[in-house]
Every structure is written in structure tokens, then in C-alpha cells.
């Protein structure tokens, strides 16, 4: 993955406008974080292969970490904390946010076909 460049990533998001695509969105602060610190409040969210069709997609921010939003029919899908991106060999757009240690904190991914 490489650091996000707003113009480049915006063009990639625009490739998915107004068509059915598959969404993967997850947040994590470490599945075992509370095992190392009993007082740590561990949270996370996960959705995979949700079929969405968005009319507007945007990535924004003055500097990393960035925010991305997808305007779907009745609302928004939103991810904050994004730092890196790539288009993989399957043509899927992968956006990720990594913490200072390089660990995944958030992922927003789009694909023309279901994720495996």
C-alpha cells in the first residue's frame, strides 16, 4: 500500500459511482487489546460484501489521516483515519488507516465483485 494522494484516490472512488458494488468496512483497535489492559475499552465494526450503489463519493482532509464518505440512497457510509491505499490484482480499491505502529485501525474497500 502507498500513502493516500487525494486526487488519485478520488479518481479511483469515482470509478465506482452509480453502479452496484461490494463494500467492506471495518474498524478495530485490536481484537486482544483488552487482554493486555483490563481497563481498555475495545471497540470494532465489521461489514463485508454489502451491495451498495452510491451517487457521490469523496475523500477529504488537509493531511493524513483522511476521511471518505459514500452517499448511498438513504444515507452515508463513512470512514475516518485513512492513511494508505491501493488497487489490488482483482481490481478492488483498498483504503486503510494504520496507527503509528503500522497496525490496521480502519479499512474501507470497494469491489465490482464480492470479496472472498
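Numbering (full-length UniProt numbering), first residue to last: 1 to 116. Even glycine gets a Cβ: it sits at the ideal position worked out from N, Cα and C.
> How big is the Cα-Cα spacing for residue 77 and residue 84?
Replying inline: 18 Å
>> For residue 8, report the span of its alpha helix (DSSP H) as first-last.
In response: 6-14
> Name the DSSP beta bridge partners of residue 100, please?
Replying inline: Answer is none; residue 100 lacks a bridge partner.
>> Would residue 82 and residue 4 be called neighbours here (beta carbons separated by less than 8 Å)?
In response: yes
> Where does the unbroken beta strand (DSSP E) through residue 75 begin, and where does it stop?
Replying inline: 75-82
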